[in-house]
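Chains as they are written, first to last, in the numbering used here: chain H, 1403 to 1769; chain G, 1403 to 1769. Glycine included, each C-beta is placed from N, C-alpha and C at the ideal position. Predicted model only: the values in this text are computed from it and were never measured.
Number of protein chains: 2
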Amino acid sequence: MVSAITIDNIEHFAIGSSFLGTGGGGDPYLGSLLCREAIAKYGPVPVISVDELKDEDNVFIAAAMGAPTVMIEKLFSIEDQHRAVATLERFLGREASAIISAEIGGCNSMMPVAYSAMRGLPIVDGDGMGRAFPALQMTSFNIEGVACAPLTIADEHGNSVLYQTTTGLKAEELARPVAAAMGASVCMSCYPMTGVEARRATIPKTLSGAIAIGEAISNSSDPRPPLTRLVSALRGHEYYKDAAVVFEGKITALERDTSNGWVLGSCLISGMSGPETAELKFQNENLLVTVDGRLRCVVPDLVTIVDVETAHAIPTERLAYGQRVAVVVCSAPPLLTTARALDVVGPKCFGLEEQYIPVTELIKDLI
Amino acid sequence: MVSAITIDNIEHFAIGSSFLGTGGGGDPYLGSLLCREAIAKYGPVPVISVDELKDEDNVFIAAAMGAPTVMIEKLFSIEDQHRAVATLERFLGREASAIISAEIGGCNSMMPVAYSAMRGLPIVDGDGMGRAFPALQMTSFNIEGVACAPLTIADEHGNSVLYQTTTGLKAEELARPVAAAMGASVCMSCYPMTGVEARRATIPKTLSGAIAIGEAISNSSDPRPPLTRLVSALRGHEYYKDAAVVFEGKITALERDTSNGWVLGSCLISGMSGPETAELKFQNENLLVTVDGRLRCVVPDLVTIVDVETAHAIPTERLAYGQRVAVVVCSAPPLLTTARALDVVGPKCFGLEEQYIPVTELIKDLI
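Right, dumping it as structure tokens:
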């Protein structure tokens, strides 16, 4: 486990969490710029393990909500993030003692680091998804019975909104239209937890996991190609170990529709020298991949499109015709694949007809 | 001034505030049922004048937000109203010591009475409109510099939302879509005030004014017809004194569109025995009336359609083809017709091209 997020490892963290973002969570490049600035100004951010949390700690989430296609044009600021958290602190009458990521994917893994730096608070090595998901209720916090509300969102004009709802799904339903009215990209805080709750409901060690993945991709002293290093790092990881490259090719068709605050669509990849094709569906995040009609991975297991040369993940909003890519799949943290979890993050929660089949079975021939 | 709202005067209050509602604010009949029940259960509600408020008092609003056409089917409860106020109290860390009406029109004059009864708090003799208006920012509180936010809304499923916004217009913009998502009819609290602020920004004596108007309409010991008694009562009032019946006839055309949480439209009234016609435009409330193309009254002055026999106001959502009606107009409280006020509640705020001309000039020939 790393002891702090510093100027030296923030780049690895961005690269690794971009992979775990499975196409969503927003491009971490912009978030990493925010982190660099915050760390330069306020110093490195101490990382604490879930086990180090005291019972009475107050663990608050710093996060972004909106459409990633918008987030790359409408940038976040730490001040807006603070307004979201401060509104929640004021309502609850207690102050944050640690910050945690809601999702260890893309921008949503970066903002909590920048915000922790500004507040002088430690960040927890863990998150609520072990990857990225498009909706508020799709977290281990929710699966483990932590209430999503009160939830707050804040825009860049000084406005903030607090939701007290009976369910996470209702918070999602009432917050999404306001996020859209605020410009489809807002700062958020939700699932305020005590230390006891956070220890129970967090997917641990995903922050250090993301850094390890980023390090492997970037490790130029290893002579193997980046894609091989990535798969090797995944196979050595506690959660992501059932991993494989299921397809390589170029993007030949792309449908992307930004509506209701989400980006929905599909992507077709054709083999470089044969008739094979792979097809992906996404709702902010990649949901499934089929190769020549054969299912190779379905949510909550992870599907990420990476650049075939650099093995850097390509977020949904940066996909483009003609890109040379590889599709990498890997297993989700076990907490996401229980029967109870599949009711919250399984294929049917995304309107998919496919049943969940563990990726380890779907890629047996490739391991 | 009345000293309390009781079982005996609640009916007069409902009838009078229905007139001041100028077609909007929701049908007070349903609200008066809620009041009767609350007064029977908790006792009469003490009425205090604005001058009796102490500097450090906390004056909270109880109100409804939504489309009146929906409100007659989706009823309010005191419990939902309490959730809206309690969320605000919790956020501000102070408790209400008095309740006030945001608008002395229709349902929004009733709910505060029922809620005051439940809380055992006095209600202030005054409100923020001296009539009814369709939008949150259209209040004397706003005109006098009281912030609309923090604002809360609550639905009947246990959900509440709190807004901290930089302007009342922004609160309106962000709350309206959530109110629509909650079913176009929600309970609300906003413009939390100290006693100092409430004394400065309230339109005083409108609660007792509404009761006096209702008494006059209902006073069967006065041999004059109800319509005559109504106009006479208005002419005797401090604010509403420039009053007249500008048209009598039957409704021959009606356009009404419930969208974006409002009911928008127009109403054509034809003379009983001649070619004359009157036309009204409304956005929840009646905005203007022309008779044979001649402007007779425009917002913020009051235009109300009443039953020609009973002189009871007919709210927008109860207008129907063939009804025999009279159009009564009267002057607005002076606080609403200053240059500063017209920027908030003048014709252009409703998208009207007409300039504001005081009703006293428009009906000179009728007084």
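In the pairwise beta carbon analysis, the stretch 1427-1446 of chain G is classified as touching the stretch 1509-1527 of chain G: at least three pairs are separated by under 8 Å. Interface criterion met: the Cβ of V1563/G is under 8 Å from a Cβ in chain H. Taking all protein chains shown into account, K1572/G has 16 or more neighbouring C-beta atoms within 10 Å of its C-beta and is therefore buried.
Under the 8 Å criterion on CB atoms, Q1725/G is classed as non-interfacial with respect to chain H.
Cβ-Cβ distances below 7 Å link N1621/G to R1631 in the same chain, with the five nearest sequence neighbours on each side left out; the list follows chain order. Excluding sequence positions up to five before and after R1698/H, its CB lies within less than 7 Å of the CB of V1648, V1691, T1692, V1731, L1764, I1765, all in the same chain and listed in chain order. Under the Cβ criterion of 8 Å, E1575/G is counted among the residues facing chain H. No Cβ of chain G is located within less than 8 Å of the beta carbon of H1484/H. At a cut-off of 8 Å, the C-beta of R1492/H has a neighbouring C-beta in chain G. Interface flag for T1568/H against chain G is set, since a Cβ pair is found closer than 8 Å. Secondary structure at G1560/G: coil, using DSSP grouped into helix, strand and coil. Look at S1518/G here: in three-state DSSP terms it is helix. Contact between F1684/H and G1667/H holds, since their C-beta atoms are separated by about 6 Å, short of 8 Å. Proximity of chain H to V1588/G at the Cβ level (cut-off 8 Å) is not reached, the minimal Cβ distance being about 11 Å.
Look at R1726/G here: in three-state DSSP terms it is strand. Closer than 8 Å to the CB of P1594/H there is not a single CB belonging to chain G. Think of a sphere of 8 Å around the beta carbon of A1583/H: the chain G residues whose beta carbon falls inside it are E1575, L1576, P1579, in chain order. At the C-beta level, A1464/H and Q1483/H come within 8 Å of one another. The three-state secondary structure of G1570/G, taken from DSSP, is helix. Listed along the chain, the chain G residues whose CB falls inside 7 Å of the CB of G1560/H are T1568.
Under DSSP, T1692/G forms a beta bridge with E1681/G, L1697/G. Take L1609/H, set aside five residues on each side of it, and the residues of its chain with a beta-carbon closer than 6 Å to its own are D1527, in chain order. T1608/H: member of the alpha helix (DSSP H) spanning 1608-1620, first to last residue. Listed as beta-bridge partners of I1502/G by DSSP are I1463/G.
Pairing L1682/H with S1542/H gives a Cβ-Cβ distance that is not under 8 Å.
Restricting attention to G1651/H, T1568/H, L1494/H, the CA atom closest to the CA of P1594/H is found in L1494/H. S1405/G and G1753/G have their C-alpha atoms some 40 Å from each other.
Between E1617/G and H1414/G, the gap from beta carbon to beta carbon is short of 8 Å. Counting every other CB atom within 10 Å of its CB across the protein chains shown gives Y1641/H a total of 16 or more, marking it as buried. Taking a cut-off of 8 Å on C-beta distances, the stretch 1738-1757 of chain H does not touch the stretch 1452-1467 of chain H, as fewer than three cross pairs fall below it. Between the alpha carbons of V1708/G and S1661/G lies a gap of roughly 25 Å.
For K1443/G, the closest alpha carbon among the candidates V1487/G, A1519/G, A1498/G is that of A1519/G.
Residue-level contact by beta carbon holds for T1489/H and chain G, with a gap shorter than 8 Å. Under a criterion of Cβ atoms nearer than 7 Å, the residues of chain H adjacent to K1572/G are, in order, N1561.
For V1526/G, the enclosing beta strand (DSSP E) stretches over residues 1525-1529. In the structure shown, the three-state DSSP call for P1430/H is helix.
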